[in-house]
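Here is the structure we will look at, set down as structure tokens.
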Amino acid sequence: MKPLQFRLEYSNGLYAFRYTSGVNRIVEKNWPGLFKDWPQGRNPFSEFNVNNNNCEEVAIYLGLVWRLSESLTRYGMPCALKDEVARATAPRCEPVRWKYQIVAEQEGVLSDRGFVQTAEGEGCLLELRTFKDLVVMQRTTLSDAEAEINIFCLRAGRGRDLLKALQTKERPKLDRLLDSGEMVVDMVIGVDRGHYDSILIKSPSNISDRLNQLVQEYANLIADYESKVSQIEDMEQFLMALQSLALGKL
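In my numbering, the protein residues as written are 766 to 1015.
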């Protein structure tokens, strides 16, 4: 098993935690049912964006971000396909001019490009009130190559400040945008060959203790899942297993 590991850096007043996947996935023993026909109704893709290409690891990435930011208000931004997101989440989508961008086109290498302008009419920001909101937003950005989303995690009442910064003509400065305890997460799910999964977390605060705690918990959850995956008999059991993988033992 390739562990879910983040590399810590510090620059310009911000702690940066970087993860990039490689050829070996963090979950190596998949449920065989992922690669068979699914019955109608709830399925891994509708509930966790998991399919037979981007497998159980997607549920873990989404769950990690949600749990890491549990004391904050989350605002999500798709980095492409804004219209699809707006239709899925309307009428809560606010237009914005800027998005954060990272690129992972080499194994283990993550390029941080910072704030870049969105294509005209593409920028969209919305409050993520539930874990399902996060799932829906991420799913609607999936393309043939990759899916990228931003999640801004702020103290209560700071949403208007964020929206103003992302609508201005001047390029936002992340170290001025984030207050103590807040963070931004950029997540990329690689779909096509040569595109890797990556997560970049930036914060003015050193959140290493909480992040490392979650990383260890996910290592234990993955080990437990892989030890029992051959015993999963049907779709409902698999969805329950994904729920535990994503959000811990509930």
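Glycine is no exception: its CB is placed at the ideal position from the N, C-alpha and C atoms.
Legend entry - Straight-line Cα distance separating Phe-1003 from Tyr-990: Between Tyr-990 and Phe-1003, the alpha-carbon positions lie close to 10 Å from each other.
Legend entry - Residue interval of the beta strand (DSSP E) (run including Ile-825): For Ile-825, no beta strand (DSSP E) encloses it; the enclosing alpha helix (DSSP H) starts and ends at 822-833.
Inset, instruction - Express the C-alpha separation of Gly-922 and Leu-837 in angstroms, rounding to a whole number. - result: Going from the Cα of Leu-837 to the Cα of Gly-922 covers about 10 Å.
Inset, instruction - May I ask you to verify whether the region 920-938 touches the region 958-968, counting CB pairs closer than 8 Å and requiring at least 3? - result: These segments do not touch.
Inset, instruction - Please report how far the alpha carbon of Gly-879 lies from the alpha carbon of Val-949, in whole angstroms. - result: Their Cα atoms are separated by approximately 11 Å.
Inset, instruction - Closer than 6 Å by C-beta to Val-881: which residues in its own chain qualify, once you throw out the five before and the five after it? Chain order, please. - result: These residues qualify, in order along the chain: Gln-866.
Inset, instruction - Given a cut-off of 7 Å, decide if Asn-915 and Lys-993 are closer than it, judged by their beta-carbon atoms. - result: No, the Cβ-Cβ distance between Lys-993 and Asn-915 is not below 7 Å.
Inset, instruction - Just the C-alpha distance for Gly-787 and Asp-940, rounded to the nearest angstrom, thanks. - result: C-alpha separation (whole angstroms): 30 Å.
Inset, instruction - From the DSSP output, in three-state form, read off Gln-805 for me. - result: The answer is coil: DSSP assigns Gln-805 none of H, G, I, E or B.
Legend entry - Whole-angstrom C-beta distance between Leu-833 and Glu-859, which should lie under 8 Å: Contact flag wrong, Cβ pair sits at about 24 Å.
Legend entry - Inter-residue Cα distance where the pair is Asn-819 and Gly-955: Distance between Asn-819 and Gly-955, taken at the CA atoms: about 8 Å.
Legend entry - Helix, strand or coil at Lys-938 [DSSP, three-state]: It is coil, neither helix nor strand.
Legend entry - Span separating the alpha-carbon of Ser-995 from that of Val-792: Cα-Cα distance, rounded: 14 Å.
Inset, instruction - With a threshold of 16 other CB atoms inside 10 Å of the CB of Thr-895, please say whether the residue is buried or exposed. - result: By the Cβ neighbour-count rule, Thr-895 is exposed, with fewer than 16 other Cβ atoms within 10 Å of its own.
Legend entry - Cα-Cα separation, Leu-965 to Ile-972: Computed Cα separation, rounded: 13 Å.
Inset, instruction - Enumerate in chain order the residues of its own chain whose CB-to-CB distance from Ala-930 is below 6 Å, with the five nearest sequence positions on each side excluded. - result: Hits under 6 Å: Pro-937, Leu-942.
Inset, instruction - Would you check if the distance between the CB atom of Arg-862 and the CB atom of Gly-841 is smaller than 7 Å? - result: Between Arg-862 and Gly-841, the C-beta spacing is not below 7 Å.
Inset, instruction - In the DSSP assignment, find the beta strand (DSSP E) that holds Arg-772 and state where it starts and stops. - result: Segment 772-776, the beta strand (DSSP E) holding Arg-772.
Legend entry - Sequence-distant residues of the same chain with beta carbon closer than 7 Å to Ser-968, five excluded per side: For Ser-968, where only same-chain residues beyond five positions count, the Cβ hits under 7 Å are Leu-779, Tyr-780, Leu-943, Glu-947, Met-948.
Legend entry - Backbone CA spacing between Leu-928 and Glu-998 [nearest angstrom]: Those two C-alpha atoms are separated by around 46 Å.
Inset, instruction - Give the straight-line distance between the Cα atoms of Gln-1008 and Leu-875, rounded to the nearest whole angstrom. - result: The straight-line gap from Cα to Cα measures roughly 29 Å.
Inset, instruction - From the DSSP output, read off the bridge partner residues of Gly-879. - result: Its beta-bridge partners are Gln-866.
Inset, instruction - Under the assumption that Asp-951 contacts Glu-913 (Cβ atoms under 8 Å), give the Cβ distance between them as a whole number of angstroms. - result: Asp-951 to Glu-913, Cβ: 7 Å. Contact.
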